[in-house]
Every structure is written in structure tokens, then in C-alpha cells.
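Protein sequences, first through last, are from chains A and B.
So for the first sequence, this note's numbering puts the first residue at 1; every next one is plus one.
So for the second sequence, this note's numbering puts the first residue at 1001; every next one is plus one.
Scroll down for the structure; my scribbles are underneath it.
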Amino acid sequence: MVQNIIDVRNLSKSFDISSKEQGLKGTIKHFFRRQTKSLKVIKDISFEIKEGEIVGFLGANGAGKTTILKMLCGLIYPSEGSILVSGYLPFRRKENFLKNITLIMGQKQQLIWDLPPIESFYLNASIYDLDKFEAKKRIKKLSEMLEIDEELFIPVRKLSLGQRMKSELLAALIHEPNILFLDEPTLGLDINAQRNLRKFLQKYNKETNATICLTSHYMKDITSLCKRVICVHDGTISYDGKLDLLLKKLSPVKEILIVCRSVEDAIKLENSGFTVKNKIKNEITIIVENNSTTSSLKTILNNFDIEDLYINEPPIDEIIGKILIKKDYGI
Amino acid sequence: MVSNLIKNKISTLLKVQYSTMMEYRVEIALWAISGIIPFFMLNIWTNNNLNESINISNIMLSRYFLCAFFVRQFSVVWVVFSFEEDSLLGKVSPYLIQPLNPFFRYFAQHLAEQITRFPFALVIAFFFFIFNPESIWIPNLGSLFLGIISTFLSFLIQFLIQSIIACLCFWTEKASSIERLLFIPTLFLSGLLAPVVSFPEYVKSWIYLTPFPYLIDFPANLLSGNPINVIGGFIMQILWIILFFPLFRKIWTTGTKKYTAMGS
């Protein structure tokens, strides 16, 4: 039986936020009397993650995804509730716990800006108590997996974003952690670099059985890496389960684009009782329920003069967009 | 085995920080030049014959200010500014989840900077002797050794003071403004502008109870061979370190609980 590696119970986090009114009056008032209020950004959430799982955290900006990751890796202290990661309380930041995890933030870097990445790798290796021989072996292995070579010897400031991100990953994985916290790791990368990074993460997970917690606004990251998603809405968990199930539930329909032989046929089809999304000349798009696709197609082919037709799933971004704004998915 | 790993950690950290500093050698040269304030003070003292009032010869006074320059070069600390910037920009976050206190990085950064600074300081000293040939002397090995140790202890005291202030970033974002409050007493009471011996007796008795005279005055007097209470000075330096270190540990542990990982 696969064990839980992350166990979160009734977790909450509040921040003190100061607010200021607009204008000079507000500025003076703010100078003499600061108004702060406590803002609860994570509200009583509970979940478990099993060893080797890849879990995607979904939610709109400010929903609390990154705050959850920061608490899981011990960067910030929870206000209420408990977290156990690999048997440790993350915030205590015990050496053995820290040697087991890594955090990669797409918008932050840990590489030394003015030096080639190789210097940061050896520095990290020494911080994690690896001897030079072991460090060299791991750098070779990871650089092959990430397909970087010459870039290791070029100052970080001269590397492209994609090359830098690969180097960041290498620096963050040199100690071979078995829990990865990835906060928007593909942010700003081009499509090829994103795909390569995803391939690498899949391979790393397969080879090491590492647990991966991931946040991303690129839906391809989520759909190609995560079987399970946790949707965060205003600091609470609005869905925790299989991604497939969520997508089916949120998208119970298909779109069929029908190209009729004539405009008259298109008008006839428009008035035949189907739900029409749009119509341009002899092209008409209708929406049908997933479970009635076959019967609808049969009716159309038997009764209308059709030149061509295309069946489309609604774009994944559109469905995920619904997740970001919805609190309840009825699942 | 364990000592080898620690050695490996420290030497790698120093090597990497030294490589980084070498990228900024011009900046470091300028910083070294900007530290010549003791030479201006020497000029003021000798031109106005102020040294006569404290019974120090011109030569001994110029050696004192040269040594004050050296002590300052190798004890200057800016950790509060680095930490404040890193904290505000969220750069501290990756360091916090590594099994090494981030202040070790800053510590290594300072040591590496001192090593980079050394040749520039020597060049400045060379020019000082050209303009003041009567001040040339070779310090005896004993006072040189003690002077180097007390300079390092002075650096440790300043590093701890600034690290404590830097940790206040966890409560107030602009902790460096608190450091600026300390700049004035440091400037006047440390011996950078005038040897502490020149202060009135009742003021001196108070000053010696603060950490300030052990930052510049004590090591500079040791190096220049001026008469000074060596054992008393070292005891005070060590006492201040013993006092500040647990304070730093406490404020660090409490402060990290307040960390909000801003900017990341």
C-alpha cells in the first residue's frame, strides 16, 4: 500500500495586511495611524498526498496555491492546523527534511547571476554534503536528462530563460529530493522549453518515484503531468480528485461544426431543433450532449445534405477557466 | 569524514563568493578608495597640532590612522543592506529551505570581499607611505598577529550587530534605517575620526563600556604599537560576541516564523 507522504489537517494561514486610502489625506493618515487587518488566505483545508503522486494545484491568482506550497516546504509558518511532510513538521526545517525536498519558483532564481551555473551546482552540492565525486556524477546525469551541456559554463546572466530554468532545475535537484514543490516552473518559457521541462519531470518522477506538487497557469502542464488536481478557491479546497472526472463534469457537451452543401440546408438545420452556437453562411456549429453525439450525427447525416463535419472537444483552457471562477462543481 | 564535509562546505562557499567578488573588482577598488576617511582626519589632526593635547607624536598618529584605515577595510559590514534587499525581493526564500543558515552565505561574501580588497588596500598604503615617508615602520610580529585577530573579532562584532538588525526585516521592511541610527555613534566613538584616548576622561569611561571602541580604536592601536590594555580589549571583544550571538540566534528563530516570503 502506498503511504501518505504529505498529510495536511485543518490548515489555515492569516497575514496582517495594512491598507491605505488614496490621496494625500490617506497618506498622512497612513503615516500617523496605520490600519492593519488580518486576512485569512488559507481557510481550514485538509488533504493527503501519496508517495510518487503528481498533484496539480489549480486556482485563480491570489487563491492561495503558492501559500499552500510555501507552508508545505516550511518556508512560512502556518497560523492553525498541522502539516506533516515525510514525517516532519516542515517549519522546523530539520536538516533531514530539507535534504528531502526542493522548491522551484518560476519567477525566482537561486543561481548566482554573475557566475556559470556549474559554480552554483557545486556550491549546492557542498551545502547538501555531497562530495565532489558524487556531485560530478549527479551533475552529469541530470545535465544529460535536461539536455544541457555548454550552458553549464556560461554566466547565468547570458543564458536564455529556458536554459536558465533547466539550470535552476539541476541546481534544485542535485541532492535528489523525493518531494518537489514547483511553483509555476514553466512561467515565461516557449512551447518547446515547456514541453522539454514536462518530459523531464515525467522522467524524474518515473525514475525516482518522487512526489511532485505543482502549480501552473499553463493547462498543458497540468493535463500532461497530473492525474489528480486540487482546486483552490479563495483559500478553500473546492475540488480534490481526478482531473478526468472534473473535466467530464465541467464539459458535458461537444461542438459539431457542419459544412452544408448550401445556405438553404444550413437554414433548415438551424431551425431543426439543435442548439446552435453560431452560423456563418453554409457553416453551422451546434452543441450536443456527450451521450447523444452518435444519435445526433445520425439524424444530421440522414436528413441534411452535408459536405463535411468536425467534432470538437471544448478547449481545455475554457474548462479550466470555469474552475478558476467556480467554487462548487457539483461533484 | 565530518570535518572533511564541513571543510568542503566552507571552502566551496568561499571560493564561489570570491569568484563572484572578482566579477566586481572595479567596484571593490572604488569601495576601498572610499574608505580613506582616516587620512582626511589625520590631515586635520596634524595641521591643527591637535595631537599635542593628547601627547601622541605626529608619526604615531599617522600610523594610528593608517591602521584605522586597514581595520576599517577588513571589518566593514553591509549584511543588513544585502539581507534587506534579498528579503524584500524574495531571494531569501530558496536559501531558507537549504540546510545552511543564509547568514553563512553573507559571512562568506564579506570574507571573500575582504580578500579581494586586500591588494587595493596595499596600494593605498603604498601611496600613503610615499606622502608620509617618516611613518614607515615594520610592526613586530606579535602586535601584527594580535592586530589581525582583533580586527577579525571587530568584524565579527559588527557582523553580529548588523545581522541582528537585519533580522528586524521580519517585522519592519526597512531595517537598514535602524542601522543608520547606529552609524553616528560608530563613526564618532569607534576611533575612526579620532583616537578614543583624545576624549575627556568621563566620556572615555562610558565609551569603553560600549562595543564601539573595540571596532576600530582597539585593533588600530594594537597594530600601530600604541600602548593599550591588550587583555582587557580582547576580553571586551569576546564578551560582546558572546552577548550578541545568542541574541542573533533568538531573533532569527523568532523572525523566521514571521517570514511571509514576500515577492515570491
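Quick reminder that beta carbons are idealized off the backbone N, C-alpha and C, glycines included.
One or two residues paired with residue i in a DSSP bridge
{"i": "A:L39", "result": "A:F15"}
{"i": "A:K74", "result": "For clarity, residue 74 of chain A is Gly in the given sequence; the question names Lys instead. In DSSP, A:G74 forms no bridge with anything."}
{"i": "A:V253", "result": "A:E289"}
{"i": "A:T275", "result": "A:I287"}
{"i": "B:I1241", "result": "Answer by DSSP bridge pairing: none, since B:I1241 is not bridged."}
{"i": "A:K281", "result": "None, per the DSSP bridge assignment."}
{"i": "B:Y1018", "result": "Answer is none; B:Y1018 lacks a bridge partner."}
{"i": "A:V8", "result": "A:F47 and A:I83"}
{"i": "B:N1008", "result": "Bridge partners of B:N1008: none, in fact."}
{"i": "A:D308", "result": "A:V259"}
{"i": "A:I265", "result": "Checking the sequence, you will find Asp at residue 265 of chain A rather than Ile. Answer by DSSP bridge pairing: none, since A:D265 is not bridged."}
{"i": "A:L58", "result": "A:C231"}
{"i": "A:I237", "result": "A:V232"}
{"i": "A:K65", "result": "Per DSSP, none; premise fails for A:K65."}
{"i": "A:K242", "result": "A:R228"}
Neighbourhood of residue i by C-beta distance below 7 angstroms, restricted to the same chain and skipping five residues each side
{"i": "A:K99", "result": "Y128 and H175"}
{"i": "A:D149", "result": "S143"}
{"i": "A:K279", "result": "A266 and E270"}
{"i": "B:S1198", "result": "I1054"}
{"i": "B:S1190", "result": "F1212, P1213, L1215, I1216 and D1217"}
{"i": "A:S79", "result": "S12, K13 and S14"}
{"i": "B:L1192", "result": "I1037, P1038, A1068, R1072 and I1216"}
{"i": "B:A1121", "result": "A1032, F1070 and Q1073"}
{"i": "A:G59", "result": "K65, C231, V232, H233 and L324"}
Residue from the options with nearest C-alpha to residue i
{"i": "B:A1175", "options": "B:S1087, B:W1206, B:A1108 and B:S1224", "result": "B:S1087"}
{"i": "B:S1062", "options": "B:Y1095, B:A1261, B:N1226 and B:L1187", "result": "B:N1226"}
{"i": "A:L40", "options": "A:E21, A:F47 and A:T67", "result": "Per the sequence shown, residue 40 of chain A should be read as Lys rather than Leu. Nearest option by C-alpha distance: A:T67."}
{"i": "B:L1138", "options": "B:A1029, B:E1052 and B:L1066", "result": "The residue you asked about is not Leu; residue 1138 of chain B is Ile in the sequence shown. With distances taken between Cα atoms, B:I1138 lies closest to B:L1066."}
{"i": "B:Y1095", "options": "A:I101, A:R92, A:L69 and A:Q110", "result": "A:Q110"}
{"i": "A:N332", "options": "A:K43, A:G23, A:V259 and A:G52", "result": "The requested residue 332 of chain A does not occur in the structure, where chain A is confined to residues 1 to 331."}
{"i": "B:H1110", "options": "B:N1048, B:A1220, B:N1055 and B:V1016", "result": "B:V1016"}
{"i": "A:K13", "options": "A:K242, A:I83 and A:K249", "result": "A:I83"}
{"i": "A:E168", "options": "A:Q107, A:D221 and A:N61", "result": "A:Q107"}
{"i": "A:N291", "options": "A:C260, A:K249, A:E307 and A:Y310", "result": "A:K249"}
{"i": "A:S238", "options": "A:D244, A:I230 and A:L245", "result": "A:I230"}
{"i": "B:T1260", "options": "A:I17, A:I6 and A:D7", "result": "A:I17"}
{"i": "A:R9", "options": "A:D44, A:S120, A:R34 and A:V2", "result": "A:D44"}
{"i": "B:L1160", "options": "B:K1007, B:A1112 and B:F1104", "result": "B:F1104"}
{"i": "B:L1243", "options": "B:K1007, B:F1131 and B:I1157", "result": "B:I1157"}
{"i": "A:K140", "options": "A:I118, A:L247, A:L197 and A:L161", "result": "A:I118"}
{"i": "B:N1008", "options": "A:P90, A:E184 and A:L123", "result": "A:L123"}
{"i": "A:S19", "options": "A:K25, A:T36 and A:E264", "result": "A:T36"}
{"i": "B:L1013", "options": "A:A125, A:S272 and A:V253", "result": "A:A125"}
{"i": "A:K136", "options": "A:I212, A:K268, A:C260 and A:F121", "result": "A:F121"}
Residues of its chain near residue i, where Cβ-Cβ distance is below 8 angstroms and the 5 sequence neighbours each way are ignored
{"i": "A:S262", "result": "N282 and D305"}
{"i": "A:A210", "result": "G52, P177, N178, I179, L180 and Y204"}
{"i": "A:L243", "result": "G56, I222, T223, C226, K227, R228 and V229"}
{"i": "A:T285", "result": "E255, I256, L257, I258, V276, K277, N278 and K279"}
{"i": "A:L115", "result": "P155 and V156"}
{"i": "B:I1238", "result": "L1153"}
{"i": "B:A1029", "result": "F1120"}
{"i": "B:S1135", "result": "I1059, S1062, R1063, L1066, F1128 and F1129"}
Contacts around residue i, its chain only, beta-carbon distance under 6 angstroms, and the 5 residues preceding and following it disregarded
{"i": "B:T1046", "result": "N1058"}
{"i": "B:L1146", "result": "L1222"}
is_contact[residue i, chain E] using C-beta, thresh 8 angstroms
{"i": "B:K1250", "result": "Within the model displayed, chain E is absent; protein chains A and B are what it includes."}
(request) Output, in sequence order along the chain, the residues in the region 145-166 of chain A whose CB is closer than 7 angstroms to any CB in chain B. (result) none
(request) Let me know the alpha helix (DSSP H) ranges lying completely inside the region 166-234 of chain A, each 4 residues or longer, listed in chain order. (result) 191-208 and 219-225
(message) Taking beta-carbon pairs under 7 angstroms, can you tell me which members of the region 174-197 of chain A lie near chain B?
(response) none
(request) Scan the region 1211-1238 of chain B and note each continuous alpha helix (DSSP H) run of 4 residues or more that stays entirely inside, going in chain order. (result) 1217-1224
(request) Could you pull out every unbroken alpha helix (DSSP H) segment of at least 4 residues lying fully inside the region 75-154 of chain A, listed in chain order? (result) 95-98, 117-127 and 132-146
(message) What ranges does the alpha helix (DSSP H) occupy inside the region 1088-1173 of chain B, keeping only unbroken runs of at least 4 residues that lie completely in it?
(response) 1092-1096, 1102-1131 and 1141-1167
(message) Tell me which residues of the region 1087-1110 of chain B have at least one Cβ-Cβ distance to chain A shorter than 8 angstroms, keeping chain order.
(response) G1090, K1091, S1093, P1094, Y1095, L1096, I1097, Q1098, P1099 and L1100
(message) At a CB distance below 8 angstroms, what residues from the region 213-240 of chain A approach chain B? Give them in sequence order.
(response) none
(message) To be precise: take each residue of the region 15-29 of chain A, compare its Cβ to all Cβ atoms of chain B, and keep it if any distance is under 7 angstroms. Which residues remain?
(response) F15
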